[in-house]
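Enquirer:
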Amino acid sequence: MKPLKMYTIPFVGLKQGKHHFEYEIDNTFFEYFEFDDFNAAQLKADVTLDKKSAHLEFHFDVSGTVNVNCDITNEPYEQPISNTFDLVVKFGDDYNDDYIDILMVPHGTFEVNVQQYIYETAVLGVPVKRIHPGVEDGTLDSEILKKLEELSPKEEDDKNKDSEDIDPRWNKLKNLLTDK
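Counting from 218, one number per residue, gives the positions in the sequence shown under this note's numbering.
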């Protein structure tokens, strides 16, 4: 996969200190990664590069909303997300991205592509269980919720079933536990 050029930050010509980069993220960004869990995305990625003499420090802040389907009702809704990530880029002999928050790049590297880090920060900002706000407060009127309510076991039926449908032979076996 060829990296997207707009997410490549050339740091060689930058002075030491903080530098800010802003990116608007939509569905085309996620299509590049073949990620289709979002119906729509309106995200803003703020990337701060703090250039030091021996290394680089990146701070990623991704926030906005994504349109996802509810895990219970499959109804689409707007899920607000906000997530941050810090990355340290050090210089060494070889490229090494084995660590989560440390990236080693060879000496002589003059740019860093941040698209993968923006992608991961955005995707990890979405809750694991996506529940429509209307389900939590009871205002969502959905056929799926009505069917789930209809098919759910009733408490009264369970209590009556336990007391009426017990085979009397089991009661004799229960006495074995109490007769010691």
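Here a beta-carbon is modelled for each residue, glycine too, at the ideal position from N, C-alpha and C.
Kindly indicate which residue of GLU360, LEU266, VAL264, THR245 has the alpha-carbon position closest to the one of ASN256.
Expert: Translated into positions along the sequence shown, residue 256 becomes position 39. Checked all of GLU360, LEU266, VAL264, THR245; the closest Cα to ASN256 is THR245.
Enquirer: Among LYS363, GLU366, ILE298, HIS324, which has the Cα closest to the Cα of VAL345?
Expert: Here residue 345 corresponds to residue number 128 of the sequence shown, with the count starting at 1. Of the candidates LYS363, GLU366, ILE298, HIS324, the one whose C-alpha sits nearest the C-alpha of VAL345 is ILE298.
Enquirer: What would DSSP say about PRO293, mapped onto helix, strand or coil?
Expert: Within the sequence shown, residue 293 is the residue found at index 76, counting from 1. Strand at PRO293.
Enquirer: From the DSSP output, in three-state form, read off GLU360 for me.
Expert: Mapped onto the sequence shown, residue 360 falls at position 143. GLU360: helix per DSSP, three-state reduction.
Enquirer: Within a Cβ cutoff of 8 Å, which residues of the same chain sit near THR301, ignoring the five residues on either side of it in sequence?
Expert: In the sequence shown, the residue the question calls residue 301 occupies position 84. Same-chain partners within the cutoff: HIS276, PHE277, ASP278, VAL279, THR338.
Enquirer: Looking at the strands, I want to know which residues DSSP matches up with LEU260.
Expert: Mapped onto the sequence shown, residue 260 falls at position 43. According to DSSP, LEU260 bridges with ILE242, GLY281.
Enquirer: Could you tell me the distance, in whole angstroms, from the CA atom of GLY230 to the CA atom of ALA258?
Expert: As a first step, residue 230 must be located in the sequence shown, where it is residue number 13. As a first step, residue 258 must be located in the sequence shown, where it is residue number 41. Approximately 33 Å, taken between the alpha carbons.
Enquirer: Which residue marks the beginning of the beta strand (DSSP E) containing GLU398, and which one marks its end?
Expert: With the chain covering 218 to 397 only, the question about residue 398 has no answer from this structure.
Enquirer: With C-beta atoms as the reference, is LEU341 less than 7 Å away from HIS349?
Expert: Sequence index remark: in the sequence shown, residue 341 carries index 124 (1-based). Sequence index remark: in the sequence shown, residue 349 carries index 132 (1-based). No, the pair does not count as a contact, with Cβ atoms beyond the cut-off.
Enquirer: Quick test of your reading: ASN330 and TYR224, contact by CB under 8 Å. State the CB separation rounded to the nearest angstrom.
Expert: Position 113 of the sequence shown, counting from 1, holds the residue named residue 330. Position 7 of the sequence shown, counting from 1, holds the residue named residue 224. So it is a contact: roughly 6 Å between Cβ atoms.
Enquirer: At which residues does the alpha helix (DSSP H) containing VAL352 begin and terminate?
Expert: For this step, residue 352 is matched to residue 135 along the sequence shown. Looking at the DSSP string, the run of the alpha helix (DSSP H) that includes VAL352 is 350 to 354.
Enquirer: Is LEU320 closer than 7 Å to VAL306 when the C-beta atoms are compared?
Expert: One-based indexing of the sequence shown puts residue 306 at position 89. One-based indexing of the sequence shown puts residue 320 at position 103. Cβ distance < 7 Å, so VAL306 and LEU320 count as in contact.
Enquirer: Do the CB positions of ARG347 and ASP263 come within less than 7 Å of each other?
Expert: Position 130 of the sequence shown, counted from the first residue, corresponds to residue 347. Position 46 of the sequence shown, counted from the first residue, corresponds to residue 263. In this structure, ASP263 does not lie closer than 7 Å to ARG347 by Cβ.
Enquirer: Terminal residues of the continuous alpha helix (DSSP H) containing PRO385?
Expert: Within the sequence shown, residue 385 is the residue found at index 168, counting from 1. Looking at the DSSP string, the run of the alpha helix (DSSP H) that includes PRO385 is 385 to 395.
Enquirer: Going by the beta-carbon positions, is the gap between VAL322 and TYR312 smaller than 7 Å?
Expert: Translated into positions along the sequence shown, residue 322 becomes position 105. Translated into positions along the sequence shown, residue 312 becomes position 95. Yes, the pair counts as a contact, with Cβ atoms nearer than the cut-off.
Enquirer: DSSP three-state call for VAL305: helix, strand or coil?
Expert: By 1-based counting over the sequence shown, the position of residue 305 is 88. VAL305: strand per DSSP, three-state reduction.
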